[in-house]
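Chemist: Can you keep this structure in mind? I'll have questions shortly.
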Amino acid sequence: MSGPRPAARLGARPDPAARLAPGVAPAAPAVDRGAAPSAERRLDPADRARAALRAGRIAALTAGGLALGKLIAGQLGQSMAVTASAVDSLTDLFASSANALAIQLAHAAPDRSHPFGHAKIETLATAGQGLLIGGSGVYLLIEGIRRLLSPEPLRLAAVTLGAMAAAALVTAALVAYLGRVAARTGSSAIQADAVHYRTDIAANLAVLAGVALTYATGFSRIDGALSVAVAVYILTSAGTLLRLGVRDLIDTSAPEERVGAIAAALDAMRARGELLGHHRLRTRIAGRTLFVEVHIELPGDLPLARAHATGDRARDAILAIEPDAEVLVHIDPERDEPA
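Numbering (the numbering used here), first residue to last: 917 to 1255.
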């Protein structure tokens, strides 16, 4: 296309009586062709920010309590597997604390230096969390191998077993809470927290079973083997979080089903005769925000006011599917070739 094109007004509401051409009926209300947005998803942005920040702080406090309890139990019982789990919880404390700070910064209003907002701070924190957890996994892997080569007998079975059972229950409750908050707020940082605490549940149960088996059989190398297994599990989780963070930092497109729902809404407008077509539909994800850009094709002799009204209706059709998206609609004459 040659030369700049007027973009549809993003703040104005469409004129219900606007028409593409004489004889064309007014636009029907936009229909959500994807899953209906939940009531929580339509929460005020300030409420979502407060909910995400509160969840981040609760996760950090919980991780701190778990780390302290496991560390005491691991040292009293001389269990490397329990101590390894305590180190994992300690990294969780730092990661969740960083997440809480990132959430607070990410929800700050756009400014002159960051006109598109600060949403990517969350994804940066997610990637950093993956690196931090990966480092703790390497440490636990080294310590587990050392304990395999030089096993030590365990003691105080009630303390170590009780600590790991309690840790599994507390972590399960935390994962359920974080999952609900992530669904309500769309926060990638809280989603990352939920994913990585979910892996902790399995790790805690594995350590619990292994410590019980060690006490029952007297075979001390089980403790070291479990430390290695927990380390591998943590490294896998770290890789998942790192991929999640990097995906958003490099402006990855939305999933195909979400893009398809947007295209279907625009195709419905074309079928009703409201526009002649559309092209260059592009999306990118930045933190909790989906950015959508599309070019719609209209008759070259259509009055500018009506063209803008049609652009507003196209924007509203997209927002009916993605209520929290940032949408930019370009208006092109019908003879423009798709770029």
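Idealized CB from N, CA, C, for every residue including glycine.
Spatial neighbours of residue 999 within its chain, please: C-beta separation below 6 Å, excluding the five flanking residues on both sides.
Modeler: Along the sequence shown, read from residue 1 onward, the residue named residue 999 stands at position 83. 990, listed in sequence order.
Chemist: Along the chain, where does the alpha helix (DSSP H) that runs through residue 1078 open and close?
Modeler: One-based indexing of the sequence shown puts residue 1078 at position 162. Start and end: 1073-1101.
Chemist: Look at the alpha carbon of residue 1182 and the alpha carbon of residue 1193, and state the distance between them as a whole number of angstroms.
Modeler: The residue given as residue 1182 occupies position 266 in the sequence shown. The residue given as residue 1193 occupies position 277 in the sequence shown. Near 8 Å, if we compare the C-alpha coordinates of residue 1193 and residue 1182.
Chemist: Assuming residue 1019 and residue 972 form a contact by the criterion Cβ under 8 Å, report the distance between their Cβ atoms to the nearest whole angstrom.
Modeler: In the sequence shown, residue 1019 corresponds to position 103, counting from 1. In the sequence shown, residue 972 corresponds to position 56, counting from 1. About 5 Å separates the two Cβ atoms, so the contact holds.
Chemist: Nearest by alpha-carbon distance to residue 997: which of 1151, 1150 and 1123 is it?
Modeler: Start at 1 with the first residue of the sequence shown, and residue 997 comes out as number 81. Cα-wise, what sits closest to residue 997 is 1123.
Chemist: What does DSSP give as the partner residues of residue 1202 in its beta bridges?
Modeler: Along the sequence shown, read from residue 1 onward, the residue named residue 1202 stands at position 286. Its beta-bridge partners are 1205.
Chemist: Assuming residue 1166 and residue 1191 make a contact with CB atoms under 8 Å, what is their CB distance in whole Å?
Modeler: Here residue 1166 refers to the residue found at position 250 of the sequence shown. Here residue 1191 refers to the residue found at position 275 of the sequence shown. Residue 1166 to residue 1191, Cβ: 32 Å. No contact.
Chemist: What is the rounded straight-line gap between the Cα of residue 863 and the Cα of residue 994?
Modeler: One cannot answer for residue 863 here, as it falls past the ends of the chain, which runs 917 to 1255.
Chemist: Between the Cα of residue 1216 and the Cα atoms of 1118, 1249 and 1228, which residue gives the shortest distance?
Modeler: By 1-based counting over the sequence shown, the position of residue 1216 is 300. Comparing Cα-Cα distances from residue 1216 to each of 1118, 1249 and 1228, the minimum goes to 1249.
Chemist: Taking only three categories from DSSP, how would you classify residue 1242?
Modeler: The count along the sequence shown starts at 1 and reaches residue 1242 at position 326. The answer is strand: DSSP assigns residue 1242 an E or B state.
Chemist: So, with DSSP's three-state summary, where would you put residue 981?
Modeler: Locating residue 981 in the sequence shown gives position 65, counting from the first residue. Helix.
Chemist: Once the 5 residues before and after residue 1075 are set aside, which same chain residues still bring their CB inside 7 Å of it?
Modeler: On the sequence shown, position 159 is the one that residue 1075 refers to. Hits under 7 Å: 989, 992 and 993.
Chemist: Taking its Cβ as the centre, do 16 or more other Cβ atoms sit within 10 Å of residue 963, making it buried, or is it exposed?
Modeler: Here residue 963 is taken as the residue at index 47 of the sequence shown, counted from 1. Flag for residue 963 reads exposed.
Chemist: Can you give the Cα-Cα distance for residue 1188 and residue 1170, rounded to whole angstroms?
Modeler: Taking the sequence shown and counting its residues from 1, one reaches residue 1188 at position 272. Taking the sequence shown and counting its residues from 1, one reaches residue 1170 at position 254. Those two C-alpha atoms are separated by around 26 Å.
Chemist: Just checking my contact of residue 1240 with residue 1206 at CB under 8 Å: how many whole Å lie between their CB atoms?
Modeler: Residue numbering aside, residue 1240 sits at position 324 when the sequence shown is read from its first letter. Residue numbering aside, residue 1206 sits at position 290 when the sequence shown is read from its first letter. The pair is a contact, with the Cβ atoms about 7 Å apart (cut-off 8 Å).
Chemist: Report, in whole angstroms, the separation of the C-beta atoms of residue 1175 and residue 1199, which I expect to be a contact under 8 Å.
Modeler: Numbered from its first residue, the sequence shown carries residue 1175 at position 259. Numbered from its first residue, the sequence shown carries residue 1199 at position 283. Confirmed, about 6 Å.
Chemist: Inspect the CB distances between the region 1143-1152 and the region 1044-1062 and report whether three or more fall short of 8 Å.
Modeler: With the cut-off at 8 Å, the region 1143-1152 and the region 1044-1062 touch.
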